[in-house]
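Per this note's numbering, the sequence shown runs over residues 67 to 288. First the structure, in the form of structure tokens, and then the observations on it.
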Amino acid sequence: MVTTNDTRYPALALLEYAGVPAGVAAADRMLKRAPVALIRAGSVQPGRFLVLLGGSTASVVEAHAEGLAAAGLHDEILLADAHEALGPALAGARSGAESEALGLLEAASSAALLGATDAALKACAVTLRELRLADGLGGKAFSIFDGALDEVEAALAAGAARLGPRLTQQALIPRLDDTLRALLAAGSRFALCAPLAPPDAETEAGAAAIAGHGDRHDEEAR
67 MVTTNDTRYP ALALLEYAGV PAGVAAADRM LKRAPVALIR AGSVQPGRFL VLLGGSTASV
127 VEAHAEGLAA AGLHDEILLA DAHEALGPAL AGARSGAESE ALGLLEAASS AALLGATDAA
187 LKACAVTLRE LRLADGLGGK AFSIFDGALD EVEAALAAGA ARLGPRLTQQ ALIPRLDDTL
247 RALLAAGSRF ALCAPLAPPD AETEAGAAAI AGHGDRHDEE AR
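Right, dumping it as structure tokens:
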């Protein structure tokens with residue numbers, strides 16, 4: 067196995083196994099077969115085991131082939147020319163949205179979502195902000211990216227086309243609320259979410275909407 071602080075890899079492979087014993091055994095086989103980096107590995111919902119490998123295209127292709135031959139394989143993907151943003155995101159890096167529009171893709175498969183995110187990033191000038199696979203999601207996976215509205219819209223279309231029937235949800239948000247933007251920058255897990263405002267605080271947009279609604283009622287009453 068190769069270990070490195072660099073999380074940008076020319077190639078990536080994600081393999082999902084039906085159980086923990088099968089996944090650990092397969093990971094051992096792959097790491098012994100080729101000089102690849104084990105980026106992440108572990109159990110995920112619902113009781114499966116993910117193995118994420120990175121490295122040179124030749125090495126990852128060889129390790130991936132070994133993983134395909136292992137028992138208990140449930141799902142997989144090989145990205146022989148992975149987008150450079152995927153490695154850091156898969157290693158846990160995330161950043162807050164800064165651009166005009168936000169796009170979200172969700173899939174029933176971690177492997178399929180990874181492929182769709184790769185396709186979206188390559189199709190359009192968008193920035194990957196977060197990528198989560200399976201854990202805490204009941205086996206689902208999602209990615210968040212941002213950019214100009216037309217670019218995000220096109221990226222969603224490219225990702226959805228790649229997913230096909232494995233797409234579970236998608237969303238395009240033209241102008242993300244500032245409070246929600248700050249919250250998502252810290253992460254999308256509810257359990258880890260820190261309150262950003264007092265419980266009785268109103269967002270500026272929400273307060274304006276309420277005020278406008280009240281004004282309309284006053285006019286109707288008159």
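Ideal Cβ placement from N, Cα and C applies to all residues, glycine included. None of the values given here were measured: they were computed from a predicted structure.
- Message: At the level of alpha carbons, what is the spacing between Asp296 and Pro231?
- Response: In the structure as shown, the chain begins at 67 and stops at 288. Residue 296 is therefore absent and cannot be evaluated.
- Query: For the region 104 to 174, which segments carrying the beta strand (DSSP E) assignment without a break, of at least 3 residues, lie completely within its bounds, in sequence order?
  - Reply: 114 to 121, 139 to 145, 167 to 173
- Short check: CB of Leu156 to CB of Leu215, under 9 Å? To locate residue 156, count along the sequence shown from 1; it is residue 90. To locate residue 215, count along the sequence shown from 1; it is residue 149. Contact flag unset, no.
- Task: Return the first residue and the last residue of the alpha helix (DSSP H) that Thr234 is part of.
- Result: Residue mapping note: residue 234 aligns to position 168 of the sequence shown, counting from 1. Where Thr234 is concerned, there is no enclosing alpha helix (DSSP H), although the beta strand (DSSP E) it sits in stretches over 233 to 239.
- Do three or more CB pairs link the region 164 to 172 to the region 85 to 98 at distances below 8 Å? no
- Look at the Cβ atom of Gln235, then the Cβ atom of Leu194, and state whether they are nearer than 9 Å. Here residue 235 refers to the residue found at position 169 when the sequence shown is read from its first residue. Here residue 194 refers to the residue found at position 128 when the sequence shown is read from its first residue. Contact flag unset, no.
- Among Pro76, Ala91, Gly113, nearest to Gly120 - alpha-carbon criterion: Translated into the one-based positions of the sequence shown, residue 120 becomes position 54. The option with the nearest alpha carbon to Gly120 is Pro76.
- Query: Between Ala173 and Ala182, is the Cβ-Cβ spacing less than 9 Å?
  - Reply: As a working note, residue 173 is residue 107 in the sequence shown. As a working note, residue 182 is residue 116 in the sequence shown. Cβ distance < 9 Å, so Ala173 and Ala182 count as in contact.
- Item | Simplified DSSP state of Thr73, which is helix, strand or coil | Residue 73 sits at position 7 when you count from the first residue of the sequence shown. Thr73: coil per DSSP, three-state reduction.
- Taking the C-alpha atoms as reference points, what is the distance between Val117 and Ala151? Numbered from 1 along the sequence shown, position 51 holds the residue referred to as residue 117. Numbered from 1 along the sequence shown, position 85 holds the residue referred to as residue 151. Going from the Cα of Val117 to the Cα of Ala151 covers about 19 Å.
- If you compare alpha carbons, which of Ala252, Val127, Arg241 is closest to Ala100? Numbered from its first residue, the sequence shown carries residue 100 at position 34. Out of Ala252, Val127, Arg241, Val127 has the C-alpha closest to the C-alpha of Ala100.
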